[in-house]
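Just so we're aligned, residue 1486 is where the sequence shown starts under this note's numbering, counting upward by one.
Beta carbons are placed, not taken as given, at the ideal position from N, Cα and C, and that holds for glycine.
Quantities reported herein were computed from a predicted structural model and do not represent experimental measurements.
Comments concern the structure below.
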Amino acid sequence: MTELAHTLRKPKAALPVATVAGLGLGAMTAVTSAVVPIAGVGGLALGYLVLTSPEAALSLILLLRPFLDLAPEGLAVPGFTQVLDLSAGVALLLTGAAVLYVLSNRIDVLRIPLVAPFAALLTVATASLLASSDPGLTVASLVRLVGQLALYVLVFSVVRERSQVERLLVVLVASAVAPVLWGFGEILAGQAKYLHPALAGEITHPRLAGPFGEGLTLGSFLLVSLVLAVALFFESRRGQERLLYAGLLALFLVAFYFTLARGAWLAFALALLVLGIARYRILLLLAPAALLIVLLLVPGITERLAPALENPEETTVAGRFSRWEGALTVFRENPILGAGLGVGDLEAGALASGTPGAAHTDYLRVLADTGVLGLGAYLWLLGAAAVEALRAHRSLRTPRYRAIVIS
């Protein structure tokens, strides 16, 4: 693995700097006396951890991030009707901690790949405030987007050695364990959600949603851990390690089915096809055979897929088309900057069904939220990410890491 041009240094005054920064960041994200101390302590802890043990901080953030969706929204922003939810508050704290880390280690952020297109997307998203009908929601969405950039910069800057890469991979796979167990716990406690009777057919079991509250969201979240676990299973050379990944794969696959997320199922099938063509030819034989067996033994899969293929106009597929049309309508009304980050997506759902809801496609969501300028920046970011992935794949000599790049 290549090294950064700069040398990462542990700050000598990490504790006092983190104390001041933590209290300051806490005050920024909390506006009532009841939560200022909590936010201040959280900012102090996160700032200190990022400065003194950034890898541990990254691991903690990746493991705990899914559970932020459980927290009620409660951080009010003066002048806005939309409260700043906890995930946005943590994103703000993370951004502040990342800035401290970058400054203390003199990192040239602009030389980090993908920062330029990400910054372009942020610029357009910020400009979309001019058209937003709900500035509070747009600000909260902007804060979360900045937090994602901060997390990426930290990962790129901190994870440089092979041992660090290996630990990060373990964390990425393990990050799905707690949400899956949470979802099964909800089922056992009788608090799980079910498909709408009109869509369920003969599927009578509950739908796994976990802390996200939606089966589709959990299914999409599981994709990263699932695909990585497949690659790491095949690349493992020790019996205990392979047994561990086999157990995790079994847990994730069962959970993946119970999400009843058709889009995520299709994405996983395509991922297996790519992995089979590029690296693991045995998957081209095992995956179809396993799919046939599962279709025969688990009728819920065919029950879930058949309506979308036979009568799409009577399923959620028709609703998706309607939401897509709504997103295009929002775009036509605000073609340059969109309706505001986080707002256009909900307005698309409102046009389609009368109630705010997601457009269920990232491209049309970005188009409705940030207009043609935002979509251009988003496509630039995706294209740059693909180029960087191909460049990394060609430059790596270790088959294990080439497989991980593919996955």
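By the Cβ-count criterion, Val-1715 is buried, with 16 or more other Cβ atoms from all chains shown falling within 10 Å of its own Cβ.
Apart from sequence neighbours up to five positions away, the residues of its chain that approach Leu-1701 with a beta-carbon distance below 6 Å are Ala-1746, ordered along the chain.
Trp-1667 and Leu-1548 have their C-alpha atoms roughly 13 Å apart.
Take Phe-1743, set aside five residues on each side of it, and the residues of its chain with a beta-carbon closer than 6 Å to its own are Leu-1693, in chain order. Taking 7 Å as the cut-off, the beta carbon of Ser-1544 is found closer than this to the beta carbon of Val-1656. Following the DSSP letters along the chain, one finds Phe-1669 inside the alpha helix (DSSP H) bounded by residues 1662-1673. Note: Arg-1645 is not bridge-paired with any residue in the DSSP secondary-structure output. Judged by beta-carbon spacing, Asn-1819 lies within the 7 Å limit of Gly-1856, meaning their Cβ atoms are closer than that value. In the three-state DSSP reduction, Arg-1764 falls in the coil class, being neither helix nor strand.
The Cβ atoms of Ala-1812 and Ala-1862 lie no closer than 7 Å to each other. Contact annotation: the stretch 1601-1610 touches the stretch 1858-1874, with at least three C-beta pairs closer than 8 Å. The Cβ-Cβ distance between Val-1851 and Glu-1832 does not fall below 7 Å. Look at Arg-1747 here: in three-state DSSP terms it is helix. The beta carbons of Val-1658 and Leu-1707 sit about 11 Å from each other, so the pair does not count as a contact at 8 Å. The beta carbons of Ala-1573 and Ala-1625 sit closer together than 7 Å. About 6 Å separates the beta carbon of Phe-1718 from that of Ala-1731, a gap short enough to meet the 8 Å contact definition. Using a Cβ distance threshold of 7 Å, Leu-1536 and Leu-1578 do not count as a contacting pair.
Contact between Pro-1691 and Ala-1677 holds, with the beta-carbon distance rounding to 4 Å and staying under 8 Å. Arg-1692 sits in a strand when the DSSP states are folded into three classes. For the pair Val-1628 and Ala-1674, the Cα-to-Cα distance works out to about 35 Å.
Spanning the alpha carbons of Ala-1542 and Leu-1534 requires a straight line of approximately 6 Å. Under the 10 Å beta carbon count, Asp-1847 is surrounded by fewer than 16 other beta carbons and is classified as exposed. Non-local beta-carbon contacts of Leu-1822 in its own chain, meaning distances under 8 Å to residues more than five positions away in sequence, involve Val-1609, Ala-1612, Ser-1613, Leu-1615, Ala-1616, Thr-1855, Gly-1856, Leu-1858 and Gly-1859 in chain order. The C-alpha of Leu-1595 is placed about 18 Å away from the C-alpha of Ala-1582. For the pair Ala-1870 and Leu-1639, the Cα-to-Cα distance works out to about 17 Å.
Looking at the backbone, the Cα of Leu-1864 and that of Phe-1737 are separated by about 31 Å. As the crow flies, the alpha-carbon of Ala-1774 is around 45 Å from that of Ala-1604. Taking C-beta separations shorter than 7 Å and ignoring five residues to either side along the sequence, the partners of Leu-1866 in its chain run Leu-1599, Pro-1602, Phe-1603 and Leu-1606, following chain order.
A Cβ-Cβ separation of about 19 Å leaves Glu-1540 out of contact with Gln-1633 under the 8 Å criterion. In this structure Ser-1660 is buried. Its beta-carbon is surrounded by 16 or more other beta-carbon atoms within 10 angstroms. An exposed status is given to Pro-1884, since fewer than 16 other beta-carbon atoms sit within 10 Å of its beta-carbon. Of all alpha-carbon atoms in Leu-1881, Ala-1888, Leu-1849 and Val-1828, the one lying nearest the alpha-carbon of Pro-1620 is that of Val-1828. By the C-beta density criterion, Gly-1695 is buried, having at least 16 other C-beta atoms within 10 angstroms. For Val-1594, no alpha helix (DSSP H) run applies, since DSSP gives it neither H nor E. Closest option to Glu-1726, judged by alpha-carbon separation, among Glu-1651, Val-1890, Gly-1704 and Arg-1808: Glu-1651. In this structure, Val-1662 lies away from Thr-1580, with their beta-carbon atoms at least 7 Å apart.
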